[in-house]
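Count the sequence shown with the numbering used here and you get residues 467 to 955, in order. The structure appears right after this line, and notes come after that.
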Amino acid sequence: MWLLLILLQAAVLPAQLCEAPGEVAAVQALSARLLGLSADPARDPDPSVYLALRLGTDHDLRGEERYLARLQDAFQHRYGRSLQAASRPHSAPHSHPQRDAAATQHSTSAEVEWPETGRLALYLLGLRATCPPPEPGPQRSLVTWLKYYLEEDWAGSRRHGHPLTSYYQYSLGVLALCVHRKRVREEVIRRLLVAEHHGRFGHTSGSAVDTEAVAALAFACLQRERLVGARLSAELGAATRAVRRRMVEAQGQDGFFGNIYSTPWAMQVFIATDTCRTQPAYSRAMAALLGHLDAFSTAATMAQVLPVLHGRSYLDIASMRCQEELGRSQGGAGTWRGADMALAQMPPWWWLGVCQCHGGFLLTDTLSPISPEPLTEMPGNMTVRLVVECPKPSCPQHRLYDQPVPVSAGASLLDVLRAATTQEPHDFTFDTQDTPQGPFLSSVLGLEARQQKRNYWQLLTAPSTSLQMGIADYRPRDGETLILRLSEW
Ligand code: B12
467 MWLLLILLQA AVLPAQLCEA PGEVAAVQAL SARLLGLSAD PARDPDPSVY
517 LALRLGTDHD LRGEERYLAR LQDAFQHRYG RSLQAASRPH SAPHSHPQRD
567 AAATQHSTSA EVEWPETGRL ALYLLGLRAT CPPPEPGPQR SLVTWLKYYL
617 EEDWAGSRRH GHPLTSYYQY SLGVLALCVH RKRVREEVIR RLLVAEHHGR
667 FGHTSGSAVD TEAVAALAFA CLQRERLVGA RLSAELGAAT RAVRRRMVEA
717 QGQDGFFGNI YSTPWAMQVF IATDTCRTQP AYSRAMAALL GHLDAFSTAA
767 TMAQVLPVLH GRSYLDIASM RCQEELGRSQ GGAGTWRGAD MALAQMPPWW
817 WLGVCQCHGG FLLTDTLSPI SPEPLTEMPG NMTVRLVVEC PKPSCPQHRL
867 YDQPVPVSAG ASLLDVLRAA TTQEPHDFTF DTQDTPQGPF LSSVLGLEAR
917 QQKRNYWQLL TAPSTSLQMG IADYRPRDGE TLILRLSEW
């Protein structure tokens with residue numbers, strides 16, 4: 467019987483040219499490592515991680531259920547209440563002093579809540595990928611909240627020329643509502659189109675590829691789900707093609723679109739628009755990713771790369787359906803073809819015991835977690851130079867700090883900062899905020915970077931290369947000069 471099953475599985479392997487070719491073991495190992503990280507109760511649950519687990523081929527269905535329960539705990543509690551109750555003056559449930567101060571500067575007192583467009587959008591995308599689907603009741607209140615946040619962002623963009631959060635989060639908001647087949651006002655969509663058209667997605671820490679890609683996914687979704695009229699639909703199509711063209715033109719010699727971490731987002735655009743099979747730039751990018759899988763070592767980066775390694779985009783979530791879809795899959799990336807009917811004739815116990823089907827995806831319950839490996843210690847010491855710059859008229863001087871810092875070999879930038887605080891004359895201080903990407907450097911020498919001023923502590927290696935990793939992950943070399951610069955974005 468097992469032999470028959472194996473032969474059957476081999477016979478019906480989907481014709482996926484968008485997934486990582488012939489690298490099943492490496493991709494599976496990465497999924498297993500992400501699963502291992504997701505099992506750590508000390509980490510806050512992250513909807514992107516859940517999405518990556520759901521969009522994979524191999525699953526640990528119980529592990530995913532547990533993770534979903536943790537996510538629901540975190541989000542449902544926050545957004546379960548009605549929007550009306552929450553928008554009474556000073557009733558924001560998770561008040562953020564710094565953000566609230568900013569919000570009251572330009573809002574009425576009833577609007578004290580700073581939008582969390584991106585987080586909520588990712589959570590709603592995650593909910594769309596659950597099986598069985600969650601109760602519609604609580605979900606309705608989440609959708610209402612997301613619409614409200616998006617409106618706040620839209621109003622912010624009219625007042626300040628940019629959304630209160632960012633165009634990245636704004637695009638995620640439009641995408642999530644679209645995947646849930648909820649309409650948004652045409653003006654809200656047009657704002658994103660105009661920003662795309664005028665190249666307003668960039669920020670100083672690197673390319674705008676990540677944001678541009680998420681916006682293009684939102685455009686592609688709106689078109690595919692027919693949630694807009696014919697004229698707007700044509701404009702969205704033209705914008706998506708323009709984004710794709712620019713990505714192909716800007717592809718580096720190394721095969722990446724933007725940098726290694728924006729490449730998966732860009733690749734999702736090719737998958738979502740069904741051009742991954744025909745576009746050579748896509749295969750070059752896939753080869754480049756596969757040559758550098760080690761760079762995806764944090765849960766957040768693994769979660770962003772895994773869907774494309776499986777040849778899937780966030781738009782595929784829209785077509786995920788539970789078991790009853792077996793034998794009715796519609797083609798496209800990640801779906802089963804040809805032998806669906808043969809599979810449909812398998813007895814129910816086979817499906818229940820071995821796999822779960824999800825809108826044409828075969829979900830095999832075979833993934834086991836791999837625990838994170840402890841970092842190998844490197845013998846010896848090294849010295850790096852730590853420089854703090856504040857290139858603003860309001861700063862007392864341009865260079866606020868410049869000292870050598872001895873640390874052990876293999877230390878991270880975070881270790882360097884910690885070591886600097888213990889050095890005589892104890893004049894270095896810093897602070898961080900926890901995020902799903904790891905610790906975000908929020909304050910240096912008492913100077914706090916502020917969301918509402920749109921500045922941040924940029925990390926650079928001398929003379930002026932912006933780092934592609936955060937303080938916990940970047941490991942400097944002996945003799946390297948690291949710059950913390952208060953920059954605008
Ligand atoms: C917008 C953005 C920013 C904005 C965030 C401000 C804001 N309020 O929106 C700014 C310009 C401040 C920023 C800064 C940095 N960023 Co950034 N950022 C992004 C982007 C485009 C979207 C993040 C987002 O909104 N996610 C959605 C929300 C819902 O999720 P979230 O987890 O709540 O998002 C918050 C945190 O992620 C945090 N954040 C943003 N970037 C980073 C980077 C790190 C390392 C950490 C710990 C946190 C963090 O700000 C977000 C908004 O509050 C992503 C793109 C991507 N592919 O993820 C890159 C991205 C996360 N950033 C990246 C990097 C490298 C940085 C910097 C380290 C760059 C630098 N050399 O200084 C700095 C962080 C330095 C520090 N002080 O610790 C990389 C991370 C790669 C990696 N290896 O993990 C990404 C993936 C971009 C890329 N393609 O390289 N970033």
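No residue lacks a Cβ here, since even glycine has one placed at the ideal position from N, Cα and C. Note that this is a predicted model, so its numbers are computed, not measured.
Is it buried or exposed for residue i, if we count other Cβ within 10 angstroms and need 16 for buried?
{"i": "GLN635", "result": "buried"}
{"i": "CYS484", "result": "buried"}
{"i": "CYS597", "result": "buried"}
{"i": "GLU890", "result": "exposed"}
{"i": "CYS687", "result": "buried"}
{"i": "SER834", "result": "exposed"}
{"i": "ASP506", "result": "exposed"}
{"i": "LEU841", "result": "exposed"}
{"i": "PRO870", "result": "exposed"}
{"i": "GLY695", "result": "exposed"}
{"i": "CYS861", "result": "exposed"}
{"i": "ASP676", "result": "buried"}
{"i": "ALA491", "result": "exposed"}
{"i": "ARG794", "result": "Residue placement at ARG794 cannot be trusted, given a pLDDT of 33 that sits under 50; what the coordinates show is reported in the next sentence. ARG794 comes out exposed."}
{"i": "SER785", "result": "buried"}
{"i": "HIS646", "result": "buried"}
{"i": "THR931", "result": "exposed"}
Verify the contact flag: residue i, CB atom, against every heavy atom of the ligand B12, threshold strictly below 7 angstroms.
{"i": "TYR589", "result": "no"}
{"i": "MET768", "result": "no"}
{"i": "LEU907", "result": "yes"}
{"i": "MET935", "result": "yes"}
{"i": "SER932", "result": "yes"}
{"i": "ARG499", "result": "no"}
{"i": "ARG585", "result": "yes"}
{"i": "ASN725", "result": "yes"}
{"i": "THR901", "result": "yes"}
{"i": "LEU925", "result": "yes"}
{"i": "THR417", "result": "The displayed coordinates of the chain run from 467 to 955. Any statement about residue 417 would go beyond what the structure contains."}
{"i": "ASP676", "result": "yes"}
{"i": "SER878", "result": "no"}
{"i": "GLN745", "result": "no"}
{"i": "SER779", "result": "no"}
{"i": "THR764", "result": "yes"}
{"i": "TRP955", "result": "yes"}
{"i": "TYR634", "result": "yes"}
{"i": "TRP611", "result": "no"}
In the DSSP assignment, what are the bridge partners of residue i?
{"i": "LEU925", "result": "LEU950"}
{"i": "ASP524", "result": "THR830"}
{"i": "TYR940", "result": "DSSP output for TYR940 lists no bridge partner at all."}
{"i": "LEU907", "result": "THR898"}
{"i": "ASN847", "result": "SER874"}
{"i": "ARG865", "result": "GLU855"}
{"i": "GLU914", "result": "SER909"}
{"i": "THR744", "result": "DSSP, once it has assigned bridges, lists no residue as partnering THR744."}
{"i": "THR631", "result": "In the DSSP output, where bridge partners are listed per residue, THR631 has none listed."}
{"i": "SER958", "result": "Absent from the model: residue 958. The displayed extent of the chain is 467 to 955, so no value can be given."}
For residue i, which residues in the same chain have their Cβ closer than 6 angstroms to its Cβ, ignoring the five residues on either side in sequence?
{"i": "ALA808", "result": "The predicted model places ALA808 with a pLDDT of 45, which falls under 50 and marks its position as unreliable, so this point remains unresolved."}
{"i": "MET848", "result": "ALA875, ASP944"}
{"i": "SER573", "result": "Only weak support is given to the placement of SER573: the predicted model assigns it a pLDDT of 38, under 50, and the value that follows is read from those uncertain coordinates. Hits under 6 angstroms: none found."}
{"i": "PRO581", "result": "TYR615, GLU618, ASP619, LEU630, THR631"}
{"i": "ASP868", "result": "VAL853"}
{"i": "SER909", "result": "ASP897"}
{"i": "GLU514", "result": "A quick correction: the sequence has Ser, not Glu, at residue 514. LEU588, ALA769."}
{"i": "ARG649", "result": "LEU693"}
{"i": "ALA716", "result": "none"}
{"i": "PRO600", "result": "LEU593"}
{"i": "ARG499", "result": "ILE836"}
Could you name the residues of the same chain whose beta carbon sits closer than 8 angstroms to that of residue i, not counting the 5 residues immediately before and after it, in chain order?
{"i": "ALA754", "result": "ASP720, GLY721, PHE722, ILE726, THR729"}
{"i": "GLU855", "result": "HIS864, ARG865, LEU866, ILE949, LEU950, ARG951, LEU952"}
{"i": "PRO845", "result": "ALA875"}
{"i": "PRO905", "result": "LEU880, THR898, GLN899, GLY936, ILE937, ALA938"}
{"i": "ARG941", "result": "GLY876, ALA877, SER878, LEU879"}
{"i": "LEU501", "result": "LEU519, ASP526, GLY529, LEU833, SER834, PRO835, ILE836"}
Please go through the same chain and pick out, in chain order, the residues whose beta-carbon is closer than 7 angstroms to the beta-carbon of residue i, but skip the five residues on each side of it.
{"i": "GLN542", "result": "PRO604"}
{"i": "GLU843", "result": "GLY876"}
{"i": "ALA486", "result": "VAL493, MET752, LEU756, LEU775"}
{"i": "LEU913", "result": "CYS856, LEU952"}
Three or more C-beta pairs under 8 angstroms: does that hold for the region 505-516 against the region 755-763? No, they do not touch.
Inter-stretch contact (C-beta, 8 angstroms, three-pair minimum) for the region 696-710 and the region 678-685: Cβ pair count under 8 angstroms is three or more, so yes.
With a cut-off of 8 angstroms, do at least 3 Cβ pairs link the region 775-784 to the region 909-927? Flag = no, the region 775-784 and the region 909-927 do not touch.
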